[in-house]
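**Student:**
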Amino acid sequence: MDTQLDAELRANILVEALPYIQEYYGQTVVVKYGGNAMINEELKDAVIHDLVLLNLVGVKVVIVHGGGPEINEMLGKIGKESKFVNGLRYTDRETMDIVQMVLCGKVNKDLVTLIEKAGGRGIGLGGMDGGLFQAKRLTDRSGTDYGYVGDIMDVDPAPVIDVLQQGYIPVVSTVAQGIDDETNYNINADTAASKLAVALGAKKLILLTDVRGLMQDINDPDSVIHRLKVSEVPKLVRDGIIKGGMIPKVDCCVEAVRKGVERATILDGRVKHSILIELLSKVGAGTMFQ
């Protein structure tokens, strides 16, 4: 049972959050949902409640999700091995069918159900719905074949805007409509979230990850760089501080900010309620690019 002191503490916390709520009221926040926060039930519950709370206080929340573990599980059930090329899932025709079924079906609708159970209202959208994501087959300078992995050429945010205007939380799966072939494509979720944030004119992009943020020293968890100007990124790449799997995530944040998103954050999804900490306090829980 709460004491008077507990009640006063809770009230003070809410009052301290007021200026941040005012700042984000009516603004769009795009959250790429993935990593441990999508697997661990306790973290999953915290993320969904964070997003529902933000929606109820007037923030336009958009969720963009992948679903790697679920795809791996389904491929395992049919005896098909997961194959990755340069960090991207090699997607042959059979794998593409599984990706579309899992992302647009099970994962997407499970998230909508969790939102509803938390007292929110969610609507699932596939990236091909209304031509939301339009893509061509991904190619790189080396001519590497990724199969049915797409490179987003255009984003039509109209379906998401329509859902937001009705007060719902759009839950977007990262499958794109092919414009160079009669097929759909598998899309990297970080990239899809970044491009959608730009198309929506979002105030904030959040990429949930399984690390504390960008660290000055990978072996020192207390060396997180909390704020970073996009102009500082090239030097950090040259110095080897930004490397490996962090490079594409940082690239997504930099592209979003350069194209009009006010702030982009690589956020530690392993911290309970990290989204609320990031948005409604001065503490933060990751690395913010501006």
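Counting from 1, position 146 in the sequence shown corresponds to residue 146 in the working numbering; the numbering is continuous, with no gaps.
Backbone N, C-alpha and C fix where the C-beta goes; we use that ideal spot for every residue, glycine too.
Does the distance from the CB of residue 293 to the CB of residue 233 come in under 8 Å?
**Tutor:** Coverage of the chain is limited to positions 1 through 290, which leaves residue 293 absent and any answer about it impossible.
**Student:** Just list the beta strand (DSSP E) runs in the region 167-220, keeping only unbroken ones of 3 residues or longer that don't cross its boundaries, in chain order.
**Tutor:** Complete beta strand (DSSP E) runs here, min 3: 169-173, 175-178, 184-186 and 204-209.
**Student:** Tell me whether the beta-carbon of residue 122 lies closer than 8 Å to the beta-carbon of residue 175.
**Tutor:** Not a contact, by the Cβ cut-off of 8 Å.
**Student:** Relative to the C-alpha of residue 44, which residue among 29, 92, 106 and 111 is closest?
**Tutor:** Checked all of 29, 92, 106 and 111; the closest Cα to residue 44 is 111.
**Student:** Between which two residues does the alpha helix (DSSP H) containing residue 44 stretch?
**Tutor:** First-last of the alpha helix (DSSP H) with residue 44: 41-56.
**Student:** Once you ignore the five residues that flank residue 287 on each side, which residues in its own chain have a CB closer than 7 Å to its CB?
**Tutor:** The residues are 213, 214, 224, 225, 226, 228, 265 and 266.
**Student:** Mind checking which residues open and close the beta strand (DSSP E) that includes residue 161?
**Tutor:** It is not in any beta strand (DSSP E) - residue 161 instead sits in the alpha helix (DSSP H) that spans 158-165.
**Student:** I need the straight-line Cα distance from residue 100 to residue 74, nearest angstrom please.
**Tutor:** Using only the alpha carbons, I get a separation of about 12 Å.
**Student:** Could you pull out every residue in the same chain whose Cβ sits closer than 7 Å to the Cβ of residue 58, ignoring the five residues on either side in sequence?
**Tutor:** Counting only Cβ-Cβ distances below 7 Å, and skipping sequence neighbours, we find 25 and 26.
**Student:** Could you compute how far the alpha carbon of residue 346 sits from the alpha carbon of residue 20?
**Tutor:** Since the first residue of the chain shown is 1 and the last is 290, residue 346 is not available in this structure.
**Student:** If distances are taken between C-alpha atoms only, which option among 107, 236, 163 and 192 comes closest to residue 32?
**Tutor:** Closest by alpha carbon: 192.
**Student:** Within its chain, find whatever has a CB closer than 6 Å to the CB of residue 259; leave out the 5 residues flanking it on each side and keep chain order.
**Tutor:** Around residue 259: 198.
**Student:** Relative to the C-alpha of residue 50, which residue among 105, 118, 200 and 80 is closest?
**Tutor:** Comparing Cα positions, the closest option is 118.
**Student:** Excluding five sequence neighbours on each side, which residues of the same chain lie with their C-beta closer than 7 Å to the C-beta of residue 211?
**Tutor:** Excluding positions up to five away in sequence, the list reads 268.
**Student:** Let's see if you can read the secondary structure: which residues bound the alpha helix (DSSP H) around residue 101?
**Tutor:** It spans 93-101 - the alpha helix (DSSP H) in which residue 101 sits, taken as one unbroken run.
**Student:** Please report the distance separating the alpha-carbon of residue 90 from that of residue 83.
**Tutor:** For residue 90 and residue 83, the distance between alpha carbons rounds to 5 Å.
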